[in-house]
Amino acid sequence: MINSSLKNLSQMLTKKEISSVEMTQTFLDRINKYNPTINAYIALDTNKTLAQAKAADVRIANGTAEPLTGIPFAQKDIFCAKGWQTTCGSKMLANFVAPYDAHVITQFDNAGAVNLGKTNMDEFAMGSSNETSYFGGVKNPWDFDRVPGGSSGGSAAAVAARLCAAATGTDTGGSIRQPASLCGFTGLKPTYGLVSRYGMIAFASSLDQAGPMAKSAEDCALMMNVMTGFDERDSTSLNRPKEDYTRGLSNMQGAQPLKGLRIGLPKEYFADGLDANVAKVVQDAIAEYRKLGAETVDISLPNSQLSIPVYYVLAPAEASSNLSRYDGVRYGHRAAEYDDLMDMYMKSRAEGFGAEVKRRILIGTYVLSAGYYDAYYLKAQQIRRLIADDFTQAFKQCDVIMGPTAPSTAFKAGEKADDPVAMYLQDVYTIATNLAGLPGMSIPAGFSNGLPVGLQLMGNYFDEARMLDVAHAYQQVTDWHTLIPNLDKPNLVLPEGKV
Ligand code: GLN
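Note that the numbering used here has the sequence shown beginning at -14, numbered continuously upward.
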């Protein structure tokens, strides 16, 4: 059951083969068994979770179930959930219980989904390894010595280890896709503005976007149906007609379902810095796409090479502003002893934030300061536009862009912890889409030395349905997405195989 698709889980529930309470308990038992080692969840509340499952069973019995009713999900701890500890991975919010629900949480609740708990993450979503969390690192289920990626590392490990049916994540520069690549599952960052940011703790508001982290493209499509939609409480939420993201999936049958599809291959994504084994897996996946009828086109995204420096000006600038609210007064950590108001602010922030968050606040404050604004912040905004323009040009030549998601497979815990720039390079292939506001996806495409490798798909604005079709077509003819790690014998050189 733990490896079943959302569709199958839903059928099991509506046919009364299993109740939501029983299904939820199965996942809770797995969490009890493996979470003490993996550390994917940082808040569990069995009473709340089982109450939701009971309510779902009532709904199923009276015939008002929706596709996700009764299915247990994990929620990244960046989403406020009423009555739940909501920490964003920080000591600053370690004692914060959210008094209201994020829009995403409301959408899952309205769909009748069950919340299994809140997942670990890099502090304020800043990181690529989950090592900046105040609640400790998360283990990669494929190899416990390695990181799951970040910042959505807890959700990633929970999905890969089947400690939930699926999970939510957020992606400011790659935090859904890079962990999807490192843990071997399917993750989608939607077009900016499709999923409301209301109640989602802000990191860099012009880049932050929530999305699904799941076993397959089909599962992601079902979650997109629930997560997207206009919300007037987020001024950047887009007022568009509701879409059914599953609508094209059933057409992905037959010998060449992708005939006519043009796949753009950006030369910058296959250059120096890409691990040779990762490159081979990605090329093999692209060869599989050719068999499915797609043609490939060589393209160029010349300014994408500037995305890391641009991001590390803009994201810290926005973060320094967003994080100014944590002052020890309204909520969050307050220093126990201080001399006066200013001292209280300084001590509370010094104690409440970790090193990476402080680094970002310092960079952000610097690039926004009067003497440097034009040289750094304004310049970065101009290059952001050039990066977006590159994609506009590229999508005249192709329908979807493919390349690696991350430059390497999962690295060892501690390996990059003291080298911020090496850590920042993990997102070298993902950040450009955030800067342009475009959708991006990572799907499992194979293994290198027993560790998962992701293939990245990038689409034009609002082209999620087509991207999901393209991912689904591949998942119809390959089984990388069905392989799961053996948690009782991690660090296996090769995947154990299907369960
Ligand atoms: N790794 C990037 C960072 O540290 C992106 C994080 C994210 O997408 N939230 O900022």
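Glycine residues also receive a C-beta, built at the ideal position from the N, C-alpha and C atoms.
Buried/exposed call for residue i, threshold 16 Cβ in 10 Å
i	result
S354	exposed
K61	buried
Y254	buried
V484	At V484, the pLDDT of 31 sits below 50, so the modelled position is not reliable; the number obtained from the coordinates is stated separately. So V484 counts as exposed.
E2	exposed
P126	buried
M185	buried
Y361	buried
R334	buried
A407	exposed
E322	exposed
Q411	buried
A189	buried
D359	exposed
V43	exposed
E280	exposed
D464	exposed
R147	buried
L468	buried
R162	buried
E481	Note that E481 scores a pLDDT of 46, beneath 50, so its modelled location is shaky; the value from the coordinates is reported in the next line. Exposed, since its Cβ has fewer than 16 Cβ neighbours within 10 Å.
D473	exposed
A256	exposed
Q378	exposed
L286	buried
A270	buried
N499	Since the first residue of the chain shown is -14 and the last is 484, residue 499 is not available in this structure.
Y85	exposed
A240	exposed
Residue i vs residue j beta-carbon contact at 8 Å
i	j	result
T155	A110	yes
A187	D193	yes
A145	G134	no
D107	G138	yes
L101	A59	yes
E303	S191	yes
A46	S5	no
T71	C65	yes
L250	D283	yes
A300	A373	no
I521	Y459	Only positions -14 to 484 of the chain appear in this structure, which leaves residue 521 out of reach.
G245	K227	no
Y230	L440	no
V82	W69	yes
H389	V263	In the sequence under discussion, the amino acid at residue 389 is Pro, which differs from the His named in the question. Yes. Within cutoff.
S75	F338	yes
V352	V298	yes
S305	I248	no
V180	A96	no
R232	A450	yes
P437	S166	yes
Y26	N20	yes
M329	A320	yes
S201	T171	yes
S289	D375	yes
M8	G55	yes
As assigned by DSSP and simplified to three states, the class of residue i
i	result
V438	strand
N24	coil
P405	helix
F12	helix
F338	coil
N100	strand
D86	coil
K67	coil
E346	Here residue 346 turns out to be Ile, not Glu, going by the sequence shown. If DSSP states are grouped into helix, strand and coil, I346 belongs with the helices.
T281	strand
K61	strand
S114	coil
D128	strand
K483	Only weak support is given to the placement of K483: the predicted model assigns it a pLDDT of 38, under 50, and the question is left unresolved by the model.
I416	helix
S427	strand
S(-10)	coil
I106	The amino acid occupying residue 106 in the given sequence is Met; Ile does not appear at that position. Here M106 sits in coil by DSSP.
S433	strand
Residue i beta carbon near the ligand MG (any heavy atom closer than 7 Å)
i	result
S166	Absence of the ligand MG is noted for the structure shown, with the ligand GLN being the only ligands found.
field: Start-end ranges of the alpha helix (DSSP H) lying completely within the stretch 283 to 313, minimum 4 residues
entry: 292 to 307
- request: Just list the beta strand (DSSP E) runs in the stretch 206 to 264, keeping only unbroken ones of 3 residues or longer that don't cross its boundaries, in chain order.
  value: 247 to 251
query: What runs of the beta strand (DSSP E), each 3 residues or longer, lie entirely inside the stretch 132 to 212?
result: 151 to 155, 171 to 174 and 195 to 199
message: Restricting to runs no shorter than 4 residues, where is the alpha helix (DSSP H) found entirely within the stretch 352 to 410?
response: 364 to 382 and 405 to 409
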